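Read the structure below first, then the notes.
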Amino acid sequence: MSYICAKTDTSDRMTLSNVFKKETRYKAFFLSLLLSAIGFGLYKGVIDNYMAEVARMGEMDRGITEFFRELPGLMLIFILALFYRFSAEKMYKMGMIIMVAGMTLQALIAPYKALIIAAIFIYSLGEHIQLGMKNTLSLEYSRDGFGGQALGYQNAIYQIGNLAGYGAVIALFAIAASLGTKLFKPVFMVAAIFMLMSMLVALSLTGKSETDKSKSRFYFRKKFRKYYMLEIFYGARKQVFFTFGPYVLILFYGASAGIISLLFAVSAIACFFISPLVGKLIDRIGYKPVMIADTLILVIVCFFYGFAHHLFPMKTAFLICCLNYVLDSVISLASMASNVYVQDISDSKEEMRATISTGISVNHLITIFIALLGGWIWKVLGIETLFILSAILGLCNSAYASTIKVKA
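Numbering (the working numbering), first residue to last: 19 to 426.
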């Protein structure tokens, strides 16, 4: 934890209390994030294996599940329009309550595909409501000029929680394997308990970021058109890895829940250390170079993820794919740059909040179809084609990001 409280550069030592405004309740916000991240780490560590091993869901089933998991992101613009008078803090709390409901349902239901998808949809609804609010609150609670670092710290703290959840899954499934049993349902229940604790902490947040009542409910502005396009490209390319990255390792390479959780843990450790540095890099060199470099590296990652099994023995190819999954998690941190871009061109905090939330819905215009299409491409054309598509989308993202005009 000491790392996230201070930079390693002694000439520019910056603590959390200096990055964030003293009058804001960022500590309660971060504690809530930490607890929910632990719950998510537990959930994420087992959900893919649970669907593959217990519910017997294949490639197309995974694509259909992801369609419904991402659907709340598309619905978000209408949800936020309905509650546009709520502060970011109130929306964050609402999302947390829904997440608790979804996780509890997952722990209680029988392993039928329709019920699993319903529970995932409910949890995802709360998660997507929170998604824009987390970034908005981090930026609103930060001091001027430290938006990138604030988002970096937010990501680092979330990675700590994820790491704790993944570590618990690794230990539990190692014990379960020696006993010849599996612990999917108990893990879901513990995850629900952590989500409940996060919700109770979140309820202490006081609303300060009221929206401008004169603003329209549906917030689209011409000056943000490049941000919207970047969200579409980013949403499409990240969806391939988020949905099918772990599933390729499970179905194609036979990875167990313990191995998948170990991979997620390594990713969390890498992101924990690198996230604040990426935030600092965005503040120092600007968001545009980071946006461009991010997706150029993605091309290399996609090539090896799709073709490693043609170039190396299966065990070596599996290790290479694991390494590339971690690398993708790291370069995905650069998505913070687009939020700083919005902050830079927004006229007010209210406009920034509305635009980030709208961007999430725009992002999901493409991701819900990529989820369905991706399952079909994998089944019919193979994983090679699937990751070639992801690489092409990444190149489109870099090319479009290069057209951004940065303020002098």
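By construction, the Cβ of each residue, glycine as well, lies at the ideal position given by its N, Cα and C atoms. Model, not experiment: these values are computed from the prediction.
Per DSSP, residue i is paired with what?
i           : result
residue 160 : 38
Residue i by DSSP, collapsed to three states: which one?
i           : result
residue 85  : helix
residue 203 : helix
residue 398 : helix
residue 147 : helix
residue 231 : For residue 231, the predicted structure reports a pLDDT of 41, less than 50, and the residue's modelled location is therefore unreliable. A value from the coordinates is still provided. The answer is coil: DSSP assigns residue 231 none of H, G, I, E or B.
residue 94  : helix
residue 424 : coil
residue 446 : This structure cannot speak to residue 446, because the chain is shown only from 19 to 426.
residue 334 : helix
residue 170 : helix
Would residue i and residue j qualify as a contact pair, given that the criterion is a beta-carbon distance under 8 Å?
i           : j           : result
residue 60  : residue 216 : no
residue 400 : residue 77  : no
residue 116 : residue 144 : yes
residue 285 : residue 347 : yes
residue 422 : residue 240 : no
residue 315 : residue 349 : yes
residue 125 : residue 207 : yes
residue 48  : residue 175 : yes
residue 249 : residue 381 : yes
residue 3   : residue 289 : Outside the modelled stretch of the chain, which goes from 19 to 426, sits residue 3, for which no answer is possible.
residue 183 : residue 81  : no
residue 50  : residue 219 : yes
residue 343 : residue 305 : no
Smallest Cα separation from residue i: which of the options?
i           : options            : result
residue 416 : 252, 183, 196      : 252
residue 114 : 209, 170, 127      : 209
residue 321 : 183, 241, 408, 62  : 408
residue 270 : 397, 421, 119      : 397
residue 138 : 84, 353, 383       : 84
residue 374 : 263, 155, 125, 352 : 155
residue 338 : 266, 220, 306, 366 : 266
residue 301 : 170, 123, 201      : 170
residue 388 : 405, 56, 189       : 405
residue 108 : 71, 224, 62, 146   : 224
residue 167 : 179, 153, 91       : 153
residue 222 : 161, 44, 57        : 44
residue 411 : 362, 247, 290, 358 : 247
residue 390 : 336, 262, 110, 200 : 262
Is it the case that the segment 96 to 108 contacts the segment 273 to 285, given that we only count it when at least three CB pairs across the two stretches are under 8 Å? no
Is it the case that the segment 325 to 332 contacts the segment 118 to 133, given that we only count it when at least three CB pairs across the two stretches are under 8 Å? no
Determine contact between the segment 362 to 370 and the segment 307 to 314, defined as no fewer than three beta-carbon pairs at a distance below 8 Å. no
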